[in-house]
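Engineer:
Numbering (the numbering used here), first residue to last: 447 to 515.
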């Protein structure tokens, strides 16, 4: 697994009233949020983001792909 940092962090707001803010700086952190904390486990964009993160962690893609997804 090749965890890498994003060039610039991504801020993610989750929770019922979006009051839990995460400052996501690494690809593994983004993958963890998408797989374990995201409220919906389906959807075209959610699946694409998960695949992009996993691609980076497997060494197949660059971190900017995961950040953009």
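We put the CB at the ideal spot given by N, CA and C, even for glycine. Quick caveat, the model's predicted, so the values are computed rather than measured.
Are residue 470 and residue 499 close, meaning C-beta to C-beta below 7 Å?
Structural biologist: No, Cβ-Cβ distance for residue 470 and residue 499 is not below 7 Å.
Engineer: Report the start-end ranges of each alpha helix (DSSP H) in the segment 472-508 that is 4 residues or longer and not cut off at the edges.
Structural biologist: Counting only runs of 4 or more, we get 473-478 and 490-503.
Engineer: For residue 505, I'd like the list of residues in its chain whose CB is within less than 8 Å of its CB, leaving aside the five on either flank, ordered along the chain.
Structural biologist: Contacts found: 448.
Engineer: Should residue 485 go down as buried or exposed, given a rule of 16 or more other Cβ atoms within 10 Å for buried?
Structural biologist: When all chains shown are included, residue 485 counts as exposed.
Engineer: Per the DSSP calculation, residue 457 is bridged to which residue(s)?
Structural biologist: For residue 457, which the question treats as bridged, DSSP gives the partners 469.
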